[in-house]
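Contents: one structure, followed by commentary.
Residue numbers (mature numbering (1 follows the signal peptide of the UniProt record, and there is no 0)): -20 to -1, 1 to 351.
Here it is, written out as structure tokens:
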């Protein structure tokens, strides 16, 4: 016996199938496509008279910038344009309290133009291991560009502290940074030397060894565990040349890392050592104090012997007034400690009421009572 199918049933199946086929799946529509722009950073195209060429400079300000008049922030100068990650990484490290908040200044080359990286970073032409020719020869002039042209330019535009400046170089930039440390150690306060291409200028090892006794700068030397043997040997030779200066020199071999893969990680290891905070970043819980407890701190103080500040009891807390810096409300975390909600600011009053210590963006500022 043959099974019979009613005509109405077939029509129903066909209608359902057609409806499913005609229904559009949800989708997105492309509105525009533009180059990505790093948040908060600015890009500057500058011309160097010394080098007679243009450079692309990117400046990433600290997540929390200077608050008080005259206050300055640390600065990191990263060669090779910071490989596109130095700015964002430095901003996060400073904003998260791992290091002093710092301006990150990367030095690179304009897109679409031939760069002069080898000439800028090497003292003379050399043959890499692949048999090619690296056109060095202008590193001494490039060093002058950094110290005589770029640094004054940056220091005139931004509130950066030349006494807290770090030079960061990787690979060819690493051996260039080592050369600056050997020949002009006071040019920067700290040096981050990553995967230095010592093969390109072996003389830097002896010059660094000869200069080591008088060095008072912080230095961090790093390389990847899986780099070529000659790269590992170069990094080790620089560290050994500096001798035993444990509190000033550190080194790290990044496990499983190749020549460039640890670049973001080395910033997280090195910059907190090179630019340490003077106080930890904390997020206190506010407590209530009595009017008399608050009034005990309503005094005038002189910060660093020069900057007058005044504390007033107001709105259940304190308000600190800084000439030229406005007013800043503070909440109590204990009878003697106060903080600014949402900011990296704390105040700790001495028991005798004659002094207060301010911690602003990781900087310590001591103030004495004037009234």
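All C-beta atoms, glycine included, are put in the ideal place defined by N, C-alpha and C.
All values reported here derive from a predicted model rather than from experimental measurement.
- A residue is called buried when at least 16 other Cβ atoms come within 10 angstroms of its Cβ; residue 341 meets this threshold and is buried.
- In this structure, DSSP gives residue 138 a state outside helix and strand, which the three-state scheme calls coil.
- DSSP, read as helix, strand or coil, puts residue 263 in coil.
- Classified as buried, residue 150 has 16 or more neighbouring CB atoms from the shown chains inside 10 Å of its CB.
- In the DSSP assignment, residue 234 forms a beta bridge with 204.
- Following the DSSP letters along the chain, one finds residue 157 inside the alpha helix (DSSP H) bounded by residues 152 to 163.
- Residue 27 sits exposed, since fewer than 16 C-beta atoms from the chains shown fall within 10 Å of its C-beta.
- Sequence-distant partners of residue 125 (beyond 5 residues in either direction) whose C-beta falls short of 7 angstroms from its own C-beta, in its chain, are 28, 30 and 31.
- With a contact defined as Cβ atoms closer than 8 angstroms, residue 44 and residue 310 miss out at about 16 angstroms.
- Non-local C-beta neighbours of residue 101 in its own chain, meaning closer than 8 angstroms and more than five positions away in sequence, comprise 59, 116, 119, 122, 149, 152, 153, 155 and 156, ordered along the chain.
- Spatial neighbours of residue 290 in its own chain (CB-CB distance under 6 angstroms, excluding positions within 5 residues in sequence) are listed in chain order as 280 and 301.
- The three-state reading of DSSP puts residue 242 in coil, since its state is none of H, G, I, E or B.
- Between residue 90 and residue 24, the gap from beta carbon to beta carbon reaches 8 angstroms or more.
- DSSP places residue 88 in no alpha helix (DSSP H) but in the uninterrupted beta strand (DSSP E) bounded by 82 to 88.
- As the crow flies, the alpha-carbon of residue 204 is around 56 angstroms from that of residue 276.
- Nearest in C-alpha terms to residue 215, of all of 174, 188, 80 and 162, is 174.
- Sequence-distant partners of residue 299 (beyond 5 residues in either direction) whose C-beta falls short of 6 angstroms from its own C-beta, in its chain, are 292, 307 and 309.
- Residue 190 counts as exposed, since fewer than 16 other beta carbons sit within 10 angstroms of its beta carbon.
- Annotated three-state conformation of residue 10 is coil, per DSSP.
- Per DSSP, residue 328 is one residue of the beta strand (DSSP E) stretching across 325 to 329.
- Within its own chain, the residues whose Cβ lies closer than 8 angstroms to the Cβ of residue 244, once the five positions on either side in sequence are excluded, are 65 and 69, listed in chain order.
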